Structures are given as structure tokens and as C-alpha cells.
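What follows is a single structure, written as C-alpha cells, with notes after it.
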Amino acid sequence: MNFSHRFALLLAPSLLGGCAAFAPSYNEAIYTKLDGAHSSLTKIETTMETKAPSRTPYRAVEPYYIDALAQVKEAGEIAEKRPAYLHGRPAAAAAQLVADNIDRCHKAIELSRAAYDAAGQAPNEADNIAIVRNTCAIAKTMEGSLK
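Residues 509 to 655 (this note's numbering) make up the sequence shown, in order.
Below, the structure is given as C-alpha cells:
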């Protein structure tokens, strides 16, 4: 083995370890909670599709909204703690981005739930739910990329 290969083998672990300084560690609980919320939002869409062309009453989808909100709230509570213990490290900024996106997800679900409760199923409700699901998928994808 020549000098450049040995140097590369010695340098690689330190470079890979340096990447960890810029990203928080993956948290399975956050990912699982966000995945559960994604499933609940999909169930809302499925419930509406199975009752089409008639409109789905709010009471038929309310349990899925409640479950999605609970899952995202729990994921947010976990994610909000990471920036604090990573304070002063570059990974804190990335951890804050994940926490902020989880908060956006929670707000999107709550806004959708409140609108559905107040006005019933909108003609484009399936599209609205898809947008909410995609909003939440951003946080899920961010957390998943930390693996």
C-alpha cells in the first residue's frame, strides 16, 4: 500500500466524523411519529374517496385528524429539545430546521382540521389533504435523511 492510500484510510474516518458535527443524530421516535401522522392523513383521504361522490362528514375523519395531531405534537416535543443540547454546534441549526418543519406540519393539520370542522368537506378537500401530507413529508424526509 502506498503512502496516498494509507493517508486516505486515516483521513476518511475523521472526515466522516466531521460530518456529524453539522447534522443532528437520527431519532427513530421522531421518524416513527411523523410516519404515523402520514398514515393518518392518508386514511382521511381514503375515507373521503370511499364515500365519494357524497361528502364525508367531519365525524368520519375526526379520529384521523386527532391521531395525526397527537403524533406530530409528540414528534415536535422530542425535536424541540435537540437544538438546546446541540447549542453552539453547527448541528443545532439543522435540528432547529427539523423542529420548525414539524411545527409547520402541526399548523397545517390543525388548519385543515378546523376548516373541515367548520365548513365540512370542501370540493377540493382531497387536494387540501395531499398538500398537508406533503407539508408533513418535508419534516419526515429531513429526519429520515439523518440516518
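Beta carbons: idealized from backbone N, C-alpha and C, even for Gly. Remember, predicted model here, so these are calculated numbers, not experimental data.
Check each candidate in the options and name the one with the smallest Cα separation from residue i.
i: ARG567; options: ASN632, ALA622, PRO631; result: ALA622
i: ALA630; options: THR554, TYR539, PRO565, PHE530; result: PRO565
i: GLU633; options: TYR593, LYS559, SER533; result: LYS559
i: ILE646; options: ALA607, PRO598, PHE530; result: ALA607
i: ALA531; options: VAL569, ARG597, THR550; result: ARG597
i: GLU585; options: GLU570, GLN604, HIS595; result: GLN604
i: ASP635; options: SER533, GLY544, ALA626, THR554; result: THR554
i: ASP543; options: PRO561, GLU557, GLN579, VAL569; result: GLN579
i: GLU570; options: GLU557, LEU594, GLY628; result: GLY628
Hey, would you say residue i sits closer than 8 Å to residue j, going by beta carbons?
i: HIS546; j: ARG641; result: yes
i: ALA576; j: LYS541; result: no
i: ILE637; j: ILE552; result: yes
i: ILE538; j: ALA600; result: no
i: GLU651; j: ASN535; result: yes
i: HIS614; j: LYS589; result: no
i: ALA616; j: THR643; result: yes
i: SER656; j: TYR572; result: Outside the modelled stretch of the chain, which goes from 509 to 655, sits residue 656, for which no answer is possible.
Terminal residues of the continuous alpha helix (DSSP H) containing residue i?
i: LYS551; result: 536-559
i: GLU618; result: 599-627
i: LYS648; result: 633-652
i: ALA578; result: 566-587
i: ARG590; result: 590-593
According to the neighbour-count rule (16 or more other Cβ atoms, all chains shown, within 10 Å of its Cβ), is residue i buried or exposed?
i: PRO591; result: buried
i: LEU519; result: Reliability fails at LEU519, whose pLDDT of 46 lies under 50, so the model's placement of it is uncertain and the value that follows must be treated cautiously. Classification of LEU519: exposed, given that the 10 Å Cβ count is below 16.
i: LYS648; result: buried
i: ILE610; result: buried
i: TYR624; result: buried
i: SER620; result: buried
i: LYS655; result: exposed
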